[in-house]
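Peer 1: Okay, handing you the structure first.
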Amino acid sequence: MVDEVKLKKIVGAGNVSANPEVLESYAGDMSFVNAVRPECVVKPRNADEVDKIVKLARETLTPLVPVSSGTPHFRGDTVPGAGGAVIVDMSGMKKIIRVDRENRVAMFEPGVTFGELIPAVTKEGLRLNMPLVPRKTKSVAASMLEREPVVMPKYHWDIADPLNCVEIYFGNGSMFRTGAAAGPGNLEEQWVAGGAQVEAAGPSSNSWYRIIQGSQGTMGIVTWASARCEILPELEEPFLVGSSQLDKVMDMLHWLVRLRLANECFAVNNTVLAALMAKKWPDDYYDIREGLPAWIIFYNLAGYEYLPEERVKGQVEDAIDIAQKVGVEPVQAIGKISADDLLKAVQNPSGEPYWKLRYKGACQDILFLTIYDKLPELIRAMYEMVEEAGYANSDLGIYIQPIVQGSNVHCEFNLFYDPENRREADRVKELAGRATRELMARGAFFSRPYAENTLDIMNRDTATVNTLKKVKSILDPDNIMNPGKLCF
Amino acid sequence: MALEDLRNEMETCRRCSACKFIPLEKVDNYEHVNVCPSIARYDFHTYSAGGRMVFAVAKLEDRIDYSDKLLEVVYNCQMCGACDVSCKYAMDMEVMEPLYEFRIRCVEDGQTLPALDKVINSLRKQGTMVPGAKAKRGAWAEGLDIKDVTKEKVKVLYHVGCRTSYDKDLWKVAKATVSLLSKAGVDVGIAGAEEVCCGGRAYQMGYKDDFLKQAEQNLETFRKSGAEILVTSCAEGYQAFKVLYDKYGMQPDIEVLHITEYLDRLITEGRLKPKKKVNMRVTYHDPCYLGRLGEPYIHWEGREIPGHIRVFDPPKEFRRGTYGVYEPPRDVLKSIPGLKLTEMDRIKEYAWCCGAGGGVCDSNPDYAMWTARERISEAESTGAEAMVTACPWCEKTFDDAIRESGSSLKLYDVVELLDKAV
Amino acid sequence: MALNRDFYKAVEDVLGPEYISDDPVVTESYSFPIRAATAGPKGEYLPRFEAITLPKNTREVQAIVKLCNKYKVQFKASSTGWLYSDPAGPDCIKIDLRRMNSILEINEKNMYAVVEPYVIYAQLQAELMKRGLNCNVTGAGSNCSALPLAAHVNLGHLSQTGSYGERNQLALEWVTGDGEIVRMGSLGSSDEWFCGDGPGPSLRGIIRGNTVPLGGLGVFTAAAQKVYHWPGPPTFSIEGVCPHYSPSELPPGFMIRYLSFKTVDAMIEAVRKIGESEIGFELMGFNAAMMASNVATDNEEDLRYFKQFSDQVQGPGFMVNIAATSQRDFKYKKRVLEMIMEQTDALSLKDVEDPKLGAGFLWRFIRTVGSIRETSRATGWGGGTVGGTDVFPLMTRYIMYTVDLKQELIDKGMILDDAIYPFVQSIEHGHTGHGEILIRYAPTNAEQMDNIQGFLNRAANKRAIEGRFGVPQHVWSDELHDMYGPEACNYHMLLRKIKKTFDPNGASESSNYITAKDV
């Protein structure tokens, strides 16, 4: 067990807490993972303090659980998986280190949220490739480290994007910077030379950032991240496409992404769109939902420095050509939803409360990757399970996000429920577990396993588990980093 | 040029593997990308031209010695020249020349295969590469009224070739040839039993001295015939007369044409008029020795200019297969009413070999057959009813392969189809 | 040294006698065609493989690897084997993956293709083009393996819009150095090839970075890669006879230009603008020498074209081509390119504007057939040095330093004078870039080669470290990793641990990767 006195010496007394209420707030989250109370919460202010915390934890084999985002947490990855854990809460590390217009990159500490980073990059004429309306307290670094899908598939060249480089303190006590950031030279020297910590791969024949992503803090603690940015458009013209037919939706998405026409580009069902856009609850929500077709595609066309009007005009017409071939019609509004309003919504984090919580207070997500050919079957299967579970299928949210420039499809089912209603909560918990297992059996790939379904997911691939354990033994041989997560 | 003199050529190999594939600009699909039958069959890099360059240098340096394996690799090559073409798409280096010289060296050092020795014995004794008696060489012409060039002068000397002369299944091609020439009013004659092998196959196998002896004999026959034009329906014969004799300073004082070239000329001149319909979907197979290897020889003597780029004084023009006989056979086919020509994937300078050349049909008939069957399959993939070619060795090999595989593909010589149309 | 006969017999039992050989004719032919002149002061040649094996499938590869571990024999796997495929010492066999040559899947809707190692890029691209798709052919050429882990880096001419191997790769099947089979991502969990990452962390991170292990970390037996939309024709109609091929026309929607600039900064600015406006399909910073070699069909013509093109360039430059998805798209992109040309004072090489010549360049760049001509035709030998992949301006500035080194060698008459402009390329619309300096020369002896290539290596490494230019892609071998590692967060120690963990017996010959020494 780590000595709180020593922790206080590192971070200052005010940044260590063993207050029961505080501990309770980290003991569980909105997932169904079992609550485990940490020993204390420590809030480092800089990388040096993180370094010292890790070294101290190694001495006493104290589990460390890194946290960057503010509450509420959703996926169980920040709830301790073992007793005696120390929460390392970096949500207070909010430095935006650098924004580089020429090299289209921003560098920032883990506590920086989307709401904080967006104005900083906007000032330089840049923008982020964001997940779908993240919560206000969500850390940008955490989002990228979780490989959250982003809404601009055109700029999603690799599943790791938009993450570039990170600085990390591994569980083995060493500091490492990934990609171009590794060196030669420290960051300042690299900047003087013209470096900008953009190349994520390397150095040489490894790409450690990929091991750090998706690891749920089980390899080390990240103290800054750099992210690829895109240019802020000079002109944007968003559209909506409504359809009751999933195959048309997939076709339209495929071509918008394949021809790299659209920036933001995704599809949701009416439940999700209503939940996203409703302002007054519950009437607004039901009103909106009833006015929407089963599926809605959102896409945004953009022009930049050169002849933006001409570019957008051409793209609008090209998109219409595609739509005609597919048999759908792009419009600027459907029901009570305007494309402009939705564009505003997706280019910013959520207001409070987080949009997923507004309907019923809680939301369990089932998220996986698949391909177009498999998607209809998986959605059908989910609806069947929803019905069998007695869950109202009109309450099932579905979000379809082409990612990696269309080579993968992220599919997310949102199960909204009232956390105060025990029966409802239990139903959703069971449904989520069953759905995960059955969808997996039908080929859905749960690349980001969380909480209580983790072992089911990991155990499908023992070779990967064995390999990950070997990697873990290099980076965190004492297993102090978030033990009990994934397969560790 | 001796093998030692080609060392710089061999060492220029950069191990890029281009010699294994058809010229990459021409790859249109996954299926027909291989161009070298040897490595396609045997898979070890050793069997590719690139592999051969390396072990040839190793032999020069005595790092390897003659062995059964070495001979097996050396002679499991049809000497089809495809590697040379593919390599020279990008490189200025000789590939075929080292392959020829390596075989010549093997023969000089007494390192041969019994099967090939047997063939050469037949050549020495009977003047033929195909089993048969010298006296019977003209048997195919019995009953036909054709001039004998040993007795009278002619304008056009028709060299029939060993394969056709001694293979009853192919006599129809010789007869059709003569029929067409007669219809065109050509003053043509043959040497009959006095005709001897061109020597080309012997050269491919490395028996250079035997080849030279054959050349001398043939030059004498040409001279005595008084002919202005020499036509042959054998691609290897064509290449021997047109290219190899020239290479060794023995260019015959006679215009050398493949029969398809001559027939194309006759059609153009209006002396042959294909009028009868031959309704058939066909595909044409380019014989290696008529196509890429039939390109005229380029004499060059000079030196490589020392420096950081291989240029020569005087400038050296490499033979790259560009000027082989590709269009005349196609033009002949296109002149036949009702005939529809569809091309295979591997054609002209990057055609897949029939499998017969280089002595392979004698030293490794199974490999020859494998090679031929690949081509049959490619021909079938075009949807053609028949494959047409212009060389008796190709025809013999394909015929065997069609029978062995149970394919329903028909097989013709260009001459046969034209004869039907005239 | 003779191979353990029990080992040989065991491998023969797995493969069949036809697919293994230790005959000297065979093993000799697998050595890189090094010349006597370059064989070292004592005439030492590179070590030879003890035997060559030709497995047909992953199971056979695994069996060979396990036997190697058991009998303490090293192995080195390769596909087409152009460079970096030789052993460093005895007791090493070759795993030649030639028989593993199938395209396993092409998924048109999700735009990925799955190949075994001996599918060459020409094959894959030809099949994709028929389906309205394209792949980023590795820069070495379409004669090379289409596996995104087979090439040194797998950058390619299409990197502007088609990224490169480190990022294009999806799921992967890997036989580790100790003979385990790991199927990454969706392949391991759901037998699908579309994703190489997870569950949890992505194991793609341990098997490559911006370079690959070059045979030093087991065998990669199949991989999926992203492919891209192809707006062109299903096939290019090519006229002519080898080597004088030429497309019959420039397809509609395509345009190609070679632009040169007065200064490097102007070129960098043009690259930035073209990237940010997203108009370039391909953007490759060839120099006049490479352009000349690309089109010329022999060395004499090469020299003539070089003079002709050199007279038409004003400084460093690049080839850019546009491939539009519609007429409107083409009109827009063309107009923007013209604006950028004006703004950066770009000079367009007139010859490339000629539709016939331009079409030829376009097709040769798309099919990537020029590399052999550009690097090897001069003397069959060449070299140079490369940078890494990081922001384009940084990579360009680094390679401009090596240009000075090249000038030194030219001034001493030690290499071909084909001018000093580097080769640079833009990746993902200019987010990153890469640079190389290529040299051509006639090797005469080991000392001469060290004075050329060794000099270049030493000076470039020193500059890369002192100038903070990142870890270049030529960094492999213990020696170089030991040099760069301490300057870059001791990455080499992690790399060694990966090597030790996944190849505990050092069965993968890793002279072009890293060894597990000191671990």
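Protein chains in written order, with numbering that gives the first Met the number 0: chain E, 0 to 487; chain X, 0 to 421; chain R, 0 to 518. Glycine is no exception: its CB is placed at the ideal position from the N, C-alpha and C atoms.
1) Spell out the partners DSSP gives P329 of chain E in its beta bridges.
2) Under 7 Å Cβ to Cβ from Y208 of chain E, same chain only, skipping five residues before and after it: list those, please.
3) Answer yes or no: does any C-beta atom of chain R fall closer than 8 Å to that of R421 of chain E?
4) Tell me whether L361 of chain R is buried or exposed, calling it buried when 16 or more other Cβ atoms sit within 10 Å of its Cβ.
5) To the nearest angstrom, report how far apart P79 of chain E and R36 of chain E are at their CA atoms.
6) Taking a Cβ distance cut-off of 7 Å, strictly less, list which residues of the region 457-468 of chain E are near chain R, in chain order.
7) With distances taken Cα to Cα, identify the nearest neighbour of F48 of chain R among R:D90, R:D389 and R:F329.
8) Report yes if the CB atom of F157 of chain E is closer than 8 Å to the CB atom of V403 of chain E, and no otherwise.
9) Between R396 of chain R and chain E, is any beta-carbon pair separated by less than 8 Å?
10) In terms of residue numbering, what span does the beta strand (DSSP E) encompassing K339 of chain X cover?
11) Can you say whether V172 of chain X is buried or exposed, counting buried as having 16 or more other CB atoms within 10 angstroms of its CB?
12) Taking only beta-carbon positions, decide if A380 of chain E is within less than 8 Å of chain R.
13) Is there at least one Cβ from chain R nearer than 8 Å to I473 of chain E's Cβ?
14) With 7 Å as the limit, tell me which residues of the region 188-205 of chain R have their beta carbon closer than that to any beta carbon of chain E; keep them in chain order.
15) Are the beta-carbon atoms of I304 of chain X and T378 of chain R separated by less than 8 Å?
16) I need the boundaries of the beta strand (DSSP E) containing D416 of chain R, first residue and last residue.
17) Classify M343 of chain X as helix, strand or coil using the three-state DSSP reduction.
18) At a cut of 8 Å, does the region 58-71 of chain R reach the region 166-181 of chain R through at least three beta carbon pairs?
19) Give me the residue from R:M128, R:C488 and R:S144 with the minimum Cα distance to V114 of chain R.
20) Which residue or residues does DSSP assign as beta-bridge partners of F107 of chain E?
21) Classify K395 of chain X: buried if its beta carbon has 16 or more other beta carbons within 10 angstroms, exposed otherwise.
22) Taking the alpha helix (DSSP H) that M482 of chain R falls in, what are its first and last residues?
23) Is the closest heavy atom of the ligand HEM to the C-beta of S349 of chain E under 7 Å?
24) For A265 of chain R and L338 of chain X, I'd like the C-alpha separation in whole angstroms.
25) Going along chain R in order, which residues have a C-beta closer than 7 Å to the C-beta of H307 of chain X?
26) Which stretch, first to last residue, makes up the beta strand (DSSP E) that contains M318 of chain R?
27) Please name the residue in E:T453, E:S446 and E:V470 whose C-alpha comes closest to that of N33 of chain E.
28) Measure from the alpha carbon of P70 of chain R to the alpha carbon of each residue in R:K516, R:S507 and R:V518, then state which is nearest.
29) Do T384 of chain R and I321 of chain R have their C-beta atoms closer together than 8 Å?
30) Report the three-state DSSP secondary structure of K93 of chain R (helix, strand or coil).
31) What first and last residue would you give for the beta strand (DSSP E) that runs through F415 of chain E?
32) Look up K75 of chain R in the DSSP assignment and give the residues it is bridged to.
33) Taking the straight line between their C-alpha atoms, what separation do you get for S380 of chain X and S406 of chain X?
34) For H243 of chain R, does the count of other Cβ atoms within 10 angstroms reach 16, so buried, or fall short, so exposed?
35) So E437 of chain E contacts chain R; which residues on that side make the cut at Cβ distance below 7 Å?
36) Does any CB atom of chain R fall closer than 8 Å to the CB of H155 of chain E?
Peer 2: The relevant details are as follows:
1) E:V240
2) A159, L162, C164, V165, T177, G178 and A199
3) no
4) buried
5) 7 Å
6) M457, R459, D460, A462, T463, T466 and L467
7) R:D90
8) Residue identity differs from the one stated: residue 157 of chain E is Asp in this sequence, not Phe. Yes, they are a contact pair.
9) yes
10) L338 to L340
11) buried
12) no
13) yes
14) S188, S189, E191, F193, C194, D196, G197, P198, G199, P200, S201, L202, R203, G204 and I205
15) no
16) Careful: D416 of chain R lies outside any beta strand (DSSP E) and carries neither H nor E.
17) coil
18) yes
19) R:S144
20) E:I95 and E:A224
21) buried
22) D477 to Y483
23) You won't find the ligand HEM in this model; it holds no ligand whatsoever.
24) 60 Å
25) A377, T378, I414, L415, R439, Y440 and A441
26) G316 to A322
27) E:T453
28) One point to set straight first is that residue 70 of chain R is Tyr, not Pro, in the sequence displayed. When each option's Cα is compared against that of Y70 of chain R, the closest is R:S507.
29) no
30) strand
31) N407 to Y416
32) R:K93
33) 12 Å
34) exposed
35) The premise fails here: E437 of chain E is roughly 13 Å from chain R at the closest Cβ pair, so nothing lies under 7 Å.
36) no
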